[in-house]
Structures are given as C-alpha cells and as structure tokens.
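First up is the structure itself, then whatever we jot down about it.
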Amino acid sequence: MTGKVDNPNQLLGDLAYESVREAILSNELSPGERVSEYKVAKWLNISRTPAREGLRRLESDGLLQYHPRRGLVVATINDKAFEELYAVRELLEGAAAAMAARNAKESELSELRHLVELEERMQDDPARMYVNNRSFHGMIYEAAHNQFLRKFLFLMADIVSAYRGVSTLRDEARRKQVIVEHRKLYDAIAARDEALAKSVAVQHVRNAFRARVKVRRDAEKQDRKQA
Numbered sequence: 017m018t019g020k021v022d023n024p025n026q027l028l029g030d031l032a033y034e035s036v037r038e039a040i041l042s043n044e045l046s047p048g049e050r051v052s053e054y055k056v057a058k059w060l061n062i063s064r065t066p067a068r069e070g071l072r073r074l075e076s077d078g079l080l081q082y083h084p085r086r087g088l089v090v091a092t093i094n095d096k097a098f099e100e101l102y103a104v105r106e107l108l109e110g111a112a113a114a115m116a117a118r119n120a121k122e123s124e125l126s127e128l129r130h131l132v133e134l135e136e137r138m139q140d141d142p143a144r145m146y147v148n149n150r151s152f153h154g155m156i157y158e159a160a161h162n163q164f165l166r167k168f169l170f171l172m173a174d175i176v177s178a179y180r181g182v183s184t185l186r187d188e189a190r191r192k193q194v195i196v197e198h199r200k201l202y203d204a205i206a207a208r209d210e211a212l213a214k215s216v217a218v219q220h221v222r223n224a225f226r227a228r229v230k231v232r233r234d235a236e237k238q239d240r241k242q243a
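When you line the sequence shown up against our numbering, it's residues 17 to 243, in that order.
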C-alpha cells in the first residue's frame with residue numbers, strides 16, 4: 017500500500033477509511049487478507065485510534081470481516097451470499113434506471129451518452145472499460161436523484177468491486193455484451209421510458225451475475241488443478 021496525509025486538516029479517521037477502502041477496491045488488498053490497525057497506522061503515519069475508527073467503518077460497510085483468530089480481514093463471500101448480493105443489486109439497479117428515466121437532467125443524459133460513446137472505443141482495453149463502467153453506473157445513480165438509493169447503490173458497487181476477483185471484462189465476449197447493454201440502457205433512459213429502462217437494467221445485472229459465476233467457477237477449477 018502506498019499513501020500519505022496530504023491534507024493536515026482532514027480527519028484522520030476519514031483518511032484511514034478512504035485509504036483502506038481504495039486499497040480494497042483496487043485489489044491492492046485481496047479477499048481474506050488481514051488488515052490490522054497497527055499496519056494501517058504505520059502505513060499512514062497516524063495513531064492507532066483513527067486507524068481503528070476507519071477500520072470499524074469499513075467493517076460496518078461490509079468490506080472487512082472479523083475473524084476470532086485473525087482479526088479483521090478483507091471480506092470474502094460464499095456462493096449463497098453472492099447470489100443474495102446480486103438479487104439486491106438487481107432490485108436497486110432497476111429502480112435507479114427507472115428513476116433516471118424520470119428525473120435525469122439533460123446534462124446528465126449528455127454525460128451518459130458521452131460515457132457510452134467512450135466505452136464503444138475501449139473494446140480492447142479491459143482496464144479502461146472497468147473504470148468507465150463504474151462511471152456509467154455512477155452517473156445513473158446520480159441521475160436518479162434519490163439520495164438514499166444513491167447511497168445504497170454506491171455502497172453496493174463498492175462491495176461488488178471488493179468481491180470481484182478477476183474482472184469479467186477480461187473476456188472479449190462479455191465486453192461486447194456490456195457495450196450493447198449500456199447502449200440499450202442509455203437509449204431507454206434518454207427516451208424517458210421508465211419501464212424499459214428498469215427491464216434493461218435488471219437484465220444487465222442478471223447477465224453480470226452469470227458472467228461473475230462463470231469467472232468464480234473457472235478460478236475454482238484452476239485452483240484445484242494447481243493444488
């Protein structure tokens with residue numbers, strides 16, 4: 017992990033929270049890896065009290081889990097919990113798309129269109145597509161104009177990212193599928209068709225779940241071969 021305190025006025029607990037959160041989302045910290053307040057305090061050159069505060073918040077968010085013998089570790093997830101996670105995501109993403117179709121400002125529609133067009137030129141760059149994908153969905157959350165839904169969706173996006181492992185966007189067929197789905201979702205939102213936007217968003221999440229399950233199973237098979 018690399019980092020430092022750039023703003024002396026920033027609350028150190030917030031610094032610990034944001035720094036460790038970013039390390040988890042970027043996969044710098046892997047699922048199951050131990051994260052101690054001592055390690056965080058030393059990394060950020062802060063005391064253990066704000067480090068502890070930041071880690072507690074991450075545990076509350078679901079990005080860290082407590083294990084009696086190991087302490088706090090980056091969260092892992094079993095198949096049942098993973099399915100439950102995507103079931104909730106399906107409901108929230110569908111609601112956000114419908115609300116965006118109803119409430120989006122013209123400037124937000126313009127930004128969504130821009131992100132779709134950018135993505136269509138990124139087909140051969142999985143890393144850039146991953147970043148653009150988060151921006152696209154984030155803009156839909158903003159365009160829904162519901163502060164509570166927005167909060168839950170951004171937290172959900174963080175949890176999904178923390179659990180993602182190998183990105184599904186490494187697969188060329190999935191990248192092409194995502195580009196088509198995002199274009200359909202933008203078109204429905206821009207047309208102010210709430211029912212269609214919801215339907216497209218729900219199907220998009222279902223396809224993402226199937227792709228994620230395939231990646232997880234392929235990884236498990238590879239692990240068994242190497243064992």
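A virtual CB, placed ideally from N, CA and C, is assigned to each residue, including glycine.
Worksheet item: Does the Cβ-Cβ distance between V90 and H83 come in under 8 Å?
Response: no
Worksheet item: Who are the near neighbours of E197 in its chain, counting only those whose CB is closer than 6 Å to its CB and skipping five residues on each side?
Response: H220
Discussion item. Out of S183, K200, R199, which one is the CA nearest neighbour of V231?
Written reply: S183
Practice prompt. Could you check how far apart the C-beta atoms of K214 and A114 are, in whole angstroms? I think they sit under 8 Å.
Written response: 4 Å
Worksheet item: How far does the beta strand (DSSP E) with Q193 in it reach, from first residue to last?
Response: That residue, Q193, is in no beta strand (DSSP E); its alpha helix (DSSP H) goes 188–206.
Worksheet item: Using the beta-carbon count (16 or more within 10 Å), is R226 buried or exposed?
Response: exposed
Fill in: Distance between beta carbons of A206 and L169, contact taken as under 8 Å
In fact, because the Cβ distance is near 20 Å, the residues do not count as touching under 8 Å.
Discussion item. Using CA atoms only, rank isn't needed, just tell me which of E122, E124, G29, V176 is closest to F98.
Written reply: It is V176 whose Cα lies nearest to the Cα of F98.
Worksheet entry | E53 vs A39 beta-carbon contact at 8 Å | Their beta carbons are not under 8 Å apart, which means E53 does not touch A39 by this criterion.
Worksheet item: Which residues bound the beta strand (DSSP E) around G87?
Response: 87–90
Worksheet item: Does the beta-carbon of V147 have 16 or more other beta-carbons within 10 angstroms, so that it is buried, or is it exposed?
Response: exposed
Fill in: Where N23 sits in the DSSP three-state scheme
Confidence at N23 is low in this model, with a pLDDT of 47, below 50, so the placement of that residue should be treated as unreliable; the coordinate-derived value is given next. Coil.
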